[in-house]
Amino acid sequence: MTKTIRPKMARLTMAQALTRFLSRQMTEIDGKRIPIFGGVWAIFGHGNVAGIGEALYQVRDELPTFRAHNEQAMAHAAIAYAKANFRRRFMAATSSIGPGALNMVTAAALAHVNRLPVLFLPGDVFANRLPDPVLQQAEDFSDGTATVNDCFRPVSRYFDRITRPEQIMPALNRAMQVLTDPAECGPVTLSLCQDVQAEAYDYPESFFAERVWHQRRPRPDRGELAAAVAALKGAKKPLVIAGGGVLYSQASAELAKLVQGAGIPVCETQGGKSSLPDDHPLNMAAVGVTGTSAANRLAEEADVVLAVGTRLQDFTTGSWALFKNSGKIIIGLNAQVFDAGKHWALPLVADAAEGLAELGAALKGWKAPAAWTDNAVKGKTVWQAEAGKVTASTNAAYPSDAQVIGAVQRAMGSGVILLNASGGLPGELHKLWQAGAPGSYHGEYGFSTMGYEIAGGLGAKMAKPDQEVVVMIGDGSYLMMNSEIATSVMLGLKLTIVLLDNRGYGCINRLQMATGGANFNNLLKDARHEAMPDIDFAAHAASLGAIAEKVPSIAGLETALAKAKDNSRTTVLVIDTDPLVSTDAGGHWWDVAVPEVSVRPQVNAARKKYEEALGDRQG
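Residue numbering for the sequence shown follows our numbering, beginning at 8 and increasing consecutively.
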């Protein structure tokens with residue numbers, strides 16, 4: 008009789024098994040094996056402190072735990088960490104049941120939209136239901152299985168509720184598959200019932216074996232590749248749109264080789280900005296609603312558009328009114344088939360680097376018409392002159408966002424990581440910031456989440472501790488979420504934060520005016536008030552531990568930025584700006600529905616212009 012060899016087992020709580028597993032997952036970067044999880048962000052409460060909190064303590068040397076001040080903010084930091092690492096490494100975030108968990112849902116949506124990996128580990132109700140309703144439990148009168156964590160379902164790529172300790176094994180395997188898959192990549196939520204966190208089970212030791220995860224690089228289908236090559240070879244006015252997938256795939260070298268060989272101009276989405284350096288002669292920079300005149304002029308005429316790693320959202324396409332060539336062909340080069348086939352595109356489902364390399368090889372010897380390439384280069388020269396005017400120094404008491412951007416660029420150069428997220432700044436930075444190396448422009452404009460900026464800067468700094476991280480943020484977003492200034496000081500992770508104070512939500516105020524609306528409830532002066540707030544942002548930032556200063560002018564900002572380079576901790580520089588001024592050069596129409604009827608003649612006039620614009624839309 009053959010003797011049965013039983014596998015070695017480890018008796019652990021579910022939470023201990025979870026954290027041990029996470030600490031054993033690895034990746035390889037530049038030939039070096041390192042942990043794929045950069046750590047776990049945690050704010051403990053009754054729903055996770057005794058279970059996962061104790062388990063994290065046991066692995067604190069292999070899997071570091073970081074404490075934050077806001078659950079949404081810590082998740083933003085985790086997401087920014089993944090983005091700055093081009094999705095090769097990521098983090099987890101755990102909270103207690105109830106409000107702590109729900110605070111992370113916005114961040115989950117941000118990660119979902121931007122195709123970024125993060126593992127959410129919210130506490131949940133008791134699986135046995137014996138103490139129900141527990142503290143912070145929201146009861147559904149018609150569904151005994153529902154909890155507030157169900158809110159994560161629509162904004163997670165994979166969701167599971169762990170109601171038995173052994174369920175964590177298949178759930179973690181599936182989680183890792185999603186977190187590392189180029190097509191499915193996004194947030195994973197494992198909702199951890201708090202009693203189950205503490206329950207023990209005999210786990211096989213093999214479950215905790217070290218495993219190395221690699222970035223999958225699918226090559227294109229031969230038929231799809233042939234169709235794409237034929238379309239490009241037939242093009243008279245080809246154009247490449249570089250999206251975030253170029254950076255996630257680290258395909259900048261392949262992109263440069265393709266466009267240089269074929270003479271095809273390139274424009275960049277918010278997520279794809281810095282795919283090529285700004286000074287590359289064929290980089291026309293930003294495209295779409297916040298695009299340059301150089302890029303948008305070409306997009307209007309292009310007969311073949313190679314869209315690489317982009318989901319073609321409305322800001323990129325000008326709400327599908329930008330591409331005016333009625334015979335245009337779009338080629339969707341994307342790892343995700345959902346994105347590759349948008350708007351009847353010829354799909355080219357593949358990793359960006361692999362797809363670009365094979366396109367380049369197939370196009371070898373073919374060039375776009377010289378007149379088209381030369382025209383693009385000349386258009387870039389014209390745009391650079393326009394951009395130089397709006398970013399030039401000024402003595403104005405209230406400079407524009409563009410003038411502040413110019414000051415930051417002159418003082419800090421293109422070697423920094425520039426981070427932004429919401430309001431008017433992303434639009435101005437998209438077309439005006441001169442990005443350097445791939446990943447040096449870090450914009451979160453997929454979900455345009457106010458409050459991402461400072462927490463995101465912290466995450467980017469954790470990923471790239473040797474690089475200077477500059478955060479540009481408006482006063483409205485700063486007031487929504489600023490707590491991680493204190494965390495950056497506590498962790499010794501220096502940020503340089505430029506806070507533009509236009510005394511309200513200036514971007515949306517301008518949009519309100521453009522659609523015929525009255526100035527209402529956006530700028531502080533136009534909101535209901537008994538007294539105007541007089542907020543001392545510098546004093547507030549200093550109270551959180553930052554070096555802080557309010558600068559009087561553009562020249563003063565440049566001087567302060569030069570000093571900030573030598574500061575040992577996070578620095579916040581505040582400057583007053585004009586809420587009504589934005590850059591007229593470049594840009595494109597965007598579909599914001601205007602009321603069909605109104606008592607305001609301004610709205611009626613805006614509606615007429617809106618209807619005219621709708622008539623020009625291609626789609």
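Note that beta-carbon positions come from the ideal geometry of N, C-alpha and C, so glycine has one too.
Asked                                                                                                                                                       : Found
Work out the CA separation of I86 and H449 for me, nearest whole Å.                                                                                         : 12 Å
Using the DSSP secondary-structure output, state which residues sit across from C200 in a beta bridge.                                                      : D131
State the DSSP-derived secondary structure class of Q391, mapped to helix, strand or coil.                                                                  : helix
Where does D286 land, buried or exposed, given buried means 16+ other C-beta within 10 angstroms?                                                           : exposed
Quick test of your reading: G250 and V315, contact by CB under 8 Å. State the CB separation rounded to the nearest angstrom.                                : 6 Å
So the beta strand (DSSP E) L149 belongs to, where does it begin and stop?                                                                                  : Going by the sequence as given, residue 149 is Ser instead of Leu. Element bounds for S149: n/a, residue is neither H nor E.
Could you tell me if I36 is buried or exposed, where buried requires 16 or more neighbouring beta carbons within 10 angstroms of its beta carbon?           : exposed
Beta-carbon within less than 8 Å of P586's beta-carbon, same chain only, minus the 5 sequence neighbours each way: which residues are those?                : N509, R510, G511, G513, N516, R517, L530
Measuring alpha carbon to alpha carbon, tell me which residue in L128, V155, S149 is nearest V141.                                                          : V155
Just to check my reading of the structure: V266 and V247 have Cβ atoms closer than 8 Å, yes? What is that Cβ distance to the nearest angstrom?              : 6 Å
Using the beta-carbon count (16 or more within 10 Å), is E212 buried or exposed?                                                                            : exposed
What first and last residue would you give for the beta strand (DSSP E) that runs through K572?                                                             : Note, K572: premise wrong, no beta strand (DSSP E); not H, not E.
Can you give the beta carbon distance from L254 to P445, rounded, assuming they're within the 8 Å contact cut?                                              : 6 Å
Let me confirm a value: H618 is counted as buried when at least 16 other C-beta atoms fall within 10 Å, else exposed. Which label applies?                  : Note that residue 618 is Glu in the sequence shown, not His. Exposed, by the Cβ-count rule.
Between which two residues does the beta strand (DSSP E) harbouring N290 extend?                                                                            : 290-293
From the DSSP secondary-structure annotation, give me the bridge partner or partners of A4.                                                                 : Here the chain has residues from 8 to 626 only, and residue 4 is not among them.
Between which two residues does the alpha helix (DSSP H) containing C514 stretch?                                                                           : 513-521
Classify T401 as helix, strand or coil using the three-state DSSP reduction.                                                                                : coil
Buried or exposed, going by whether 16 or more other CB atoms sit within 10 Å of the CB of H221?                                                            : exposed
Do the CB positions of D68 and R224 come within less than 8 Å of each other?                                                                                : no
Contact between the region 178-193 and the region 102-113: three or more CB pairs below 8 Å?                                                                : no
Quick one: what's got a C-beta closer than 7 Å to M487's C-beta in the same chain, skipping five residues either side?                                      : M457, G458
Below 6 Å CB to CB, which residues in the same chain sit around G105 once its five sequence neighbours on both sides are set aside?                         : Q143
Which residues does DSSP list as the beta-bridge partners of E35?                                                                                           : R40
Using a Cβ-Cβ cut-off of 6 Å (strictly less than) and excluding sequence neighbours within five positions of A134, which residues of its own chain qualify? : T170, C200, D202, V203
What would DSSP say about K330, mapped onto helix, strand or coil?                                                                                          : Position check: residue 330 holds Phe in this sequence, whereas Lys was assumed. Three-state result, F330: coil.
Between which residues of its own chain and S326 is the CB-CB distance below 6 Å, once the five residues before and five after are set aside?               : W597, D598
Please report the distance separating the alpha-carbon of S256 from that of G523.                                                                           : 43 Å
For the beta strand (DSSP E) containing T578, name the first residue and the last one.                                                                      : 578-583
Using the Cα positions of G552 and E61, report the straight-line distance between them to the nearest angstrom.                                             : 30 Å
Tell me, please, which residues DSSP counts as bridged to A314.                                                                                             : I248, G339
Just list the residues that DSSP pairs T72 with in beta bridges.                                                                                            : V47
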